[in-house]
Amino acid sequence: MKVFCGYTGSASSDDHIRLYASLYNLSQCVEIRRADVLHVEEAPAQLLPFGGSVLWLKSDATVVRRRQESVADIYDAAARRRQESMADIYGAAAPPSSDGQLRITRRQRAESADDCHSPCQPCHSPCGICTSHPPQVLSAPSPE
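Mind the numbering: the sequence shown is residues 1 to 144 in this note's numbering, read in order.
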């Protein structure tokens, strides 16, 4: 025999009932076939206030656990896990979450000719002389 306590409610079909463990969270419940219920008693108010019940079920009864989540709950949980993993990586100084934001950064321009790496031809970088391409040597036409 199995014993369950909670608040009963209607299920998706008439031959089942739902049992909620708490009135505070109706997103989680168990679904039980009515044929598997042996006996029902009202629970003491100290155990389950506001009309809870105690159900005795057959020992071979199948109890299906149900849990409903909204898309926002799933997204919030994933964001929390990412933030926690960032805190594990960076310690207490984790960077702030920027979910849903595009971050664009620009590389700083070179300040001296030694740092010039411009791929353009002719060079338009502020370093003045482009060292990223070797100078081209034009050959003179051969005399015939």
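A virtual CB, placed ideally from N, CA and C, is assigned to each residue, including glycine.
Contacting residues, own chain, Cβ-Cβ under 7 angstroms from residue i (five flanking each side not counted)
{"i": "Ala-43", "result": "Cys-5, Gly-52, Ser-53, Val-54"}
{"i": "Arg-34", "result": "Asp-15, His-16, Ile-17"}
Residues near residue i by beta carbon distance below 6 angstroms, same chain, minus five either side
{"i": "Ala-78", "result": "none"}
{"i": "Ala-11", "result": "Ile-17, Arg-18, Glu-31"}
{"i": "Glu-41", "result": "Val-54"}
{"i": "Ala-21", "result": "Gly-6"}
Local Cβ density within 10 Å of residue i, reported as buried at 16 or more and exposed below that
{"i": "Leu-26", "result": "exposed"}
{"i": "Thr-62", "result": "exposed"}
Residue j beta carbon less than 8 angstroms from that of residue i
{"i": "Leu-19", "j": "Asp-36", "result": "no"}
{"i": "Glu-31", "j": "Val-64", "result": "yes"}
{"i": "Arg-149", "j": "Gln-28", "result": "Outside the modelled stretch of the chain, which goes from 1 to 144, sits residue 149, for which no answer is possible."}
{"i": "Met-1", "j": "Leu-48", "result": "no"}
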